[in-house]
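Colleague:
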Amino acid sequence: MSEIMLAVDDLWVEVGGKIVIKGISFEIPVGKTHILFGPNGSGKSTLLRTIMGFSAYKIIKGKIFFRENDITKLPLAERAKLGIGISFQEAPAITGVKLNQLLQILKNNGADIEEMATNLKMENHLMRDINAGFSGGEKKRSEILQLIIQNPNLVLLDEPESGVDIGNIELLGKYIDKLLQKEVHHNEMLGNIRSKSGLIITHTGHILNYVPADKSYVIINGKLVCKGNPSEVLEQISNNGFGHCEECFRREVIKDFKGICYETK
Amino acid sequence: MKQNKLNKDDIEKMELVGLAPDDKDRAGTFTVIDDEIDKSKSKTEGVEILGLSQALKKYDWANDYMWQLVDPHKDEFTERVWKYEQEHGPVGQFLRFKKGMISKEPFQSCFFIKLDRFVQTVHNIIIVEDEAEFHIITGCAVASYVNSGMHIGITEIYLEKNATLSYTMIHDWAPEMIVRPRTGIRIDSGSKFFSNYISLRETKITQMYPTARLVGEGALVKFTSLILAPPNSIYDLGSRAYLSAPNTSAEIISRVITKGGTAISRGNIIAEAPHTRGHLECNGLFLSDDGNIDAVPELTAKVRDTDLSHEAALGKISEEKLEYLMARGLTRDESTQMMIKGFLDIDILGLPPALEKEIRYNLNLMEDEAL
Ligand SMILES: Nc1ncnc2c1ncn2[C@@H]1O[C@H](COP(=O)(O)OP(=O)(O)OP(=O)(O)O)[C@@H](O)[C@H]1O
Ligand SMILES: [Mg+2]
Chain A
1 MSEIMLAVDD LWVEVGGKIV IKGISFEIPV GKTHILFGPN GSGKSTLLRT IMGFSAYKII
61 KGKIFFREND ITKLPLAERA KLGIGISFQE APAITGVKLN QLLQILKNNG ADIEEMATNL
121 KMENHLMRDI NAGFSGGEKK RSEILQLIIQ NPNLVLLDEP ESGVDIGNIE LLGKYIDKLL
181 QKEVHHNEML GNIRSKSGLI ITHTGHILNY VPADKSYVII NGKLVCKGNP SEVLEQISNN
241 GFGHCEECFR REVIKDFKGI CYETK
Chain B
266 MKQNKLNKDD IEKMELVGLA PDDKDRAGTF TVIDDEIDKS KSKTEGVEIL GLSQALKKYD
326 WANDYMWQLV DPHKDEFTER VWKYEQEHGP VGQFLRFKKG MISKEPFQSC FFIKLDRFVQ
386 TVHNIIIVED EAEFHIITGC AVASYVNSGM HIGITEIYLE KNATLSYTMI HDWAPEMIVR
446 PRTGIRIDSG SKFFSNYISL RETKITQMYP TARLVGEGAL VKFTSLILAP PNSIYDLGSR
506 AYLSAPNTSA EIISRVITKG GTAISRGNII AEAPHTRGHL ECNGLFLSDD GNIDAVPELT
566 AKVRDTDLSH EAALGKISEE KLEYLMARGL TRDESTQMMI KGFLDIDILG LPPALEKEIR
626 YNLNLMEDEA L
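One line per chain: the protein sequences are A and B, in this order. All residue numbers for the first sequence refer to our numbering, where the first residue is 1 and numbers rise by one. All residue numbers for the second sequence refer to our numbering, where the first residue is 266 and numbers rise by one.
(1) Could you tell me which chain A residues have their CB closer than 7 Å to the CB of residue 588 (chain B), listed as they occur along the chain?
(2) Nearest chain A C-beta to residue 266 (chain B) closer than 8 Å, yes or no?
(3) Am I right that residue 483 (chain B) and residue 504 (chain B) are in contact with their C-beta atoms under 8 Å? What's the rounded C-beta distance?
(4) For residue 511 (chain B), I'd like the list of residues in its chain whose CB is within less than 6 Å of its CB, leaving aside the five on either flank, ordered along the chain.
(5) How would you label residue 411 (chain B), buried or exposed, when you count the other beta carbons within 10 angstroms and need 16 or more for buried?
(6) Going by DSSP, name the residue or residues bridged to residue 500 (chain B).
(7) Expressed to the nearest angstrom, what Euclidean distance is found between the alpha-carbon atoms of residue 586 (chain B) and residue 93 (chain A)?
(8) Measure the CB-CB distance between residue 417 (chain B) and residue 335 (chain B) and report whether it falls below 8 Å.
(9) Could you tell me whether the Cβ of residue 80 (chain A) comes closer than 8 Å to any Cβ of chain B?
(10) Using the C-alpha atoms, what's the distance from residue 7 (chain A) back to residue 257 (chain A)?
(11) Identify the residues that DSSP records as bridge partners of residue 198 (chain A): which are they?
(12) Determine whether the beta carbon atoms of residue 392 (chain B) and residue 432 (chain B) lie at a separation below 8 Å.
(13) Here's the rule: buried if 16 or more other CB atoms are within 10 angstroms of the residue's CB, otherwise exposed. What is residue 118 (chain A)?
(14) So if DSSP puts residue 462 (chain B) in a beta bridge, which residue, or which two residues, is it bridged to?
(15) For residue 323 (chain B), which residues from the same chain have a beta carbon less than 8 Å from its beta carbon, with the 5 sequence-adjacent residues on both sides left out?
(16) Does chain B have any CB closer than 8 Å to the CB of residue 104 (chain A)?
(17) Between residue 140 (chain A) and ligand 2, is the CB less than 7 Å from at least one heavy atom?
(18) For ligand 1, enumerate in chain order all residues having a CB closer than 6 Å to any of its heavy atoms.
(19) Return helix, strand or coil for residue 635 (chain B), following the three-state DSSP convention.
(20) Would you call the segment 399-408 of chain B and the segment 371-381 of chain B in contact, with 3 or more CB pairs under 8 Å?
(21) From residue 222 (chain A) to residue 141 (chain A), what distance separates their C-alpha atoms?
(22) Mapping the DSSP letters down to three states, classify residue 416 (chain B) as helix, strand or coil.
(23) Cα separation between residue 43 (chain A) and residue 62 (chain A)?
(24) Any heavy atom of ligand 2 within a distance shorter than 7 Å of the CB on residue 207 (chain A)?
(25) Determine contact between the segment 290-303 of chain B and the segment 354-372 of chain B, defined as no fewer than three beta-carbon pairs at a distance below 8 Å.
(26) When you measure from the CB of residue 158 (chain A) to every non-hydrogen atom of ligand 2, does any distance come out below 7 Å?
(27) Where does residue 484 (chain B) fall in DSSP's three states?
(28) Anything in chain B within Cβ reach of residue 160 (chain A), meaning under 7 Å, just list it in chain order.
(29) Please list the partners that residue 86 (chain A) has in chain B, where partner means a Cβ-to-Cβ separation under 7 Å.
(30) Any beta carbon of chain B sitting closer than 8 Å to that of residue 264 (chain A)?
(31) Considering only C-alpha positions, which residue in the set B:545, B:551 and B:556 is nearest to residue 562 (chain B)?
(32) Give the residues from the segment 595-609 of chain B that approach chain A closer than 9 Å (Cβ to any Cβ), ordered along the chain.
(33) Output yes or no for whether 8 Å exceeds the beta carbon distance between residue 400 (chain B) and residue 628 (chain B).
(34) According to DSSP, what are the bridge partners of residue 312 (chain B)?
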């Protein structure tokens, strides 16, 4: 039995007066990376942001466990301190706070800020206000840079590659791999186990060309409808659209669908 | 009626508003306690400092600088000082920065009140001659037991040609103090005037509207104010600039925080000549459910060829931004502090290290006080 980093158990979430997550359960073992697919507005960001603990997201039912600790009621900052980190789909501009100023505070793993910023082509942004006037791609690199310096154990990435050009996706992919310790061989037998887990939202799956993932889910209308091998599920979605997943979910099984239809209730 | 001498407590209060008691790193010192000059000293030949009454006796021409930039009949407060001067003669400094002289060390002055319920009326004349470059730090404070009283300060500042003056003022009043400074500045061609105002303590009301007249080509003014209004305090502050010559420019920047008090941030730029530029900026932050912030920007263009703008933003610290920082592992307090620091972090350019130090110190106090 591998150790579990994150367990979500029958989670129901309300945001802005509307129930957006409707009974979701899944687990991510230590060292594994899972992928979330799903149409716009299906609740992907809501799920990630609820796991992180943002105050707008009210858990009305269910539990979240981080390394076997019940964190359902734990405030955001304490979850971050425990080792959960997130990259924002739309990062707000933090005027008055320089990127470098925040990185200096986050620095907890001896990483060289200058060097890492240079690697991510952000060295000229260190003295600028966080995300203020950053281009779309720069914001995404700024998010990954902050996470690398923060060094969380559970990495939640909300569309890290959307709006990013091919060359920069490769660059981001390289450093997301680093964030997730993909260079550490994951072998339970040899005991050489990486300590990081990831949950990544992607529409295009481009990031999968650089970041190996272990499992994926499709979320539609606040429910997990499908799970399976990331590239196979992506292929299904690309060929047949999300309608097919929904169909699968409704009829419990579709012969040619390579993912496994989620338990229906 | 010489007051009892300054005690340790008083000196500490004066230090808080920037006064270096031993004149260290200062070009000179001028202090008034209640209505008497306590110290008047220049440490460099570039600076002439005299009591204003003394200066009026010494120089015939000194009178030409009296009540030129502030109208004695403007309001009851100017009137009061004017009447006082008719009877007793003026109390205040006559400060002359000599032609072509430059000092990186600021000249310091302090107006201190030791008597409760005292009405302090001071009048300062400051002249910066051609090509001179100087800095002033002025602190105003009261003894720790003083609760009420009034301070009216008339200040007339003259910048001749191609001169530069930075004027940093730090206030530390008391809950029932009424504060009514009246300041006029005349800026001739090629000269630059930088005003920095910081106040973070209680006052009953502090109201002022310093007015700069940019009368020579290429003159520049920048007013910066940083205010924290505690509960029951009223700050009504504005800055005004008349762009009366071509190629002049004005910038008025304010950052106000309320912890329950009222802060009114006014600004007025009047463009009367072509090729002029003016910008007003007021940001206000609520750190309490009570309190009021008013931003009242006014722009007047009397010519077509000018570029005037203003921006204002009032509100509390955005929860979204706080949570962004908290998601990185900062506590709510740390995130709030960081946002306040960021809010107050504005470029105050061209200050020498000794002044940077004073401002930094007061900003840190303000951040602490804000939390
Ligand atoms: N703060 C909020 N207030 C009101 N409604 C919200 C709020 N946050 C999310 N929602 C709603 O919840 C639903 C799910 O939003 P969410 O951001 O989770 O979608 P998503 O799957 O990430 O979509 P996308 O692919 O477009 O990013 C949407 O209908 C959205 O409008
Ligand atoms: Mg989303």
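Here a beta-carbon is modelled for each residue, glycine too, at the ideal position from N, C-alpha and C.
Modeller: Short version:
(1) Taking the first residue of the second sequence as position 1, residue 588 (chain B) is located at position 323. Under the 7 Å cutoff, chain A gives 54, 55 and 76.
(2) What you label residue 266 (chain B) is simply residue 1 of the second sequence in a count that begins at 1. Its pLDDT being 46, under 50, residue 266 (chain B) is placed unreliably in this model, and the value from its coordinates should be taken loosely. Judged by the 8 Å Cβ criterion, residue 266 (chain B) is not in contact with chain A.
(3) Numbered from 1 along the second sequence, position 218 holds the residue referred to as residue 483 (chain B). Numbered from 1 along the second sequence, position 239 holds the residue referred to as residue 504 (chain B). Actually they are not in contact, since the Cβ atoms of residue 483 (chain B) and residue 504 (chain B) sit about 20 Å apart, beyond 8 Å.
(4) If you number the second sequence from 1, residue 511 (chain B) lands on position 246. Hits under 6 Å: 482, 538, 539 and 540.
(5) Here residue 411 (chain B) refers to the residue found at position 146 of the second sequence. Burial call: buried.
(6) Locating residue 500 (chain B) in the second sequence gives position 235, counting from the first residue. Its beta-bridge partners are B:471 and B:528.
(7) Your numbering for residue 586 (chain B) matches position 321 in the second sequence. Your numbering for residue 93 (chain A) matches position 93 in the first sequence. Approximately 8 Å between the Cα atoms of the pair.
(8) Here residue 417 (chain B) refers to the residue found at position 152 of the second sequence. Here residue 335 (chain B) refers to the residue found at position 70 of the second sequence. Not closer than 8 Å, so no.
(9) For this step, residue 80 (chain A) is matched to residue 80 along the first sequence. Taking 8 Å as the threshold, the shortest C-beta distance from residue 80 (chain A) to chain B falls below it.
(10) Translated into the one-based positions of the first sequence, residue 257 (chain A) becomes position 257. Translated into the one-based positions of the first sequence, residue 7 (chain A) becomes position 7. Low confidence applies to residue 257 (chain A): its pLDDT is 47, below 50, so where it sits in the model is not reliable enough to give any reading.
(11) The residue you call residue 198 (chain A) lines up with position 198 of the first sequence. A:33 and A:155.
(12) If you number the second sequence from 1, residue 392 (chain B) lands on position 127. If you number the second sequence from 1, residue 432 (chain B) lands on position 167. No, they are not a contact pair.
(13) Taking the first residue of the first sequence as position 1, residue 118 (chain A) is located at position 118. The residue in question, residue 118 (chain A), is exposed, as its Cβ has fewer than 16 Cβ neighbours within 10 Å.
(14) Taking the second sequence and counting its residues from 1, the one referred to as residue 462 (chain B) is at position 197. Residue pairing by DSSP puts residue 462 (chain B) in a beta bridge opposite B:434 and B:490.
(15) Position 58 of the second sequence holds residue 323 (chain B). Contacts found: 315.
(16) Translated into positions along the first sequence, residue 104 (chain A) becomes position 104. Residue 104 (chain A) does not count as touching chain B.
(17) Locating residue 140 (chain A) in the first sequence gives position 140, counting from the first residue. Checking every heavy atom of ligand 2 against the Cβ of residue 140 (chain A), none is found closer than 7 Å.
(18) Going along the chain, the residues that qualify are A:15, A:16, A:18, A:20, A:38, A:40, A:41, A:42, A:43, A:44, A:45, A:46, A:56 and A:89.
(19) Here residue 635 (chain B) is taken as the residue at index 370 of the second sequence, counted from 1. Reduced to three states, the DSSP call for residue 635 (chain B) is helix.
(20) yes
(21) On the first sequence, residue 222 (chain A) is found 222 positions in, with the first residue counted as 1. On the first sequence, residue 141 (chain A) is found 141 positions in, with the first residue counted as 1. If you take the alpha carbons of residue 222 (chain A) and residue 141 (chain A), they lie about 29 Å apart.
(22) As a first step, residue 416 (chain B) is located in the second sequence; it is residue number 151 there, counting from the start. Correct three-state label for residue 416 (chain B): strand.
(23) Sequence index remark: in the first sequence, residue 43 (chain A) carries index 43 (1-based). Sequence index remark: in the first sequence, residue 62 (chain A) carries index 62 (1-based). Straight-line Cα distance between these residues: approximately 16 Å.
(24) Mapped onto the first sequence, residue 207 (chain A) falls at position 207. No - ligand 2 has no heavy atom lying nearer than 7 Å to the Cβ of residue 207 (chain A).
(25) yes
(26) Against the first sequence, residue 158 (chain A) aligns to sequence position 158. Within the cutoff, so yes.
(27) Sequence index remark: in the second sequence, residue 484 (chain B) carries index 219 (1-based). In the structure shown, residue 484 (chain B) adopts coil according to DSSP, grouped into three states.
(28) Counting from one through the first sequence, the residue named residue 160 (chain A) turns up at place 160. Going along chain B, no residue has its Cβ under 7 Å from residue 160 (chain A), so there is no contact; the nearest lies around 15 Å.
(29) Here the question's residue 86 (chain A) lines up with position 86 in the first sequence. Within 7 Å Cβ-Cβ: 592.
(30) To locate residue 264 (chain A), count along the first sequence from 1; it is residue 264. Its pLDDT being 36, under 50, residue 264 (chain A) is placed unreliably by the model, and nothing is read from it.
(31) Here residue 562 (chain B) refers to the residue found at position 297 of the second sequence. Comparing Cα-Cα distances from residue 562 (chain B) to each of B:545, B:551 and B:556, the minimum goes to B:545.
(32) 595, 596, 597, 599, 600, 603, 604, 605, 606, 607, 608 and 609
(33) Working through the second sequence from its first residue, we reach residue 400 (chain B) at position 135. Working through the second sequence from its first residue, we reach residue 628 (chain B) at position 363. Contact: no.
(34) Your numbering for residue 312 (chain B) matches position 47 in the second sequence. Residue 312 (chain B) is bridged to B:362.
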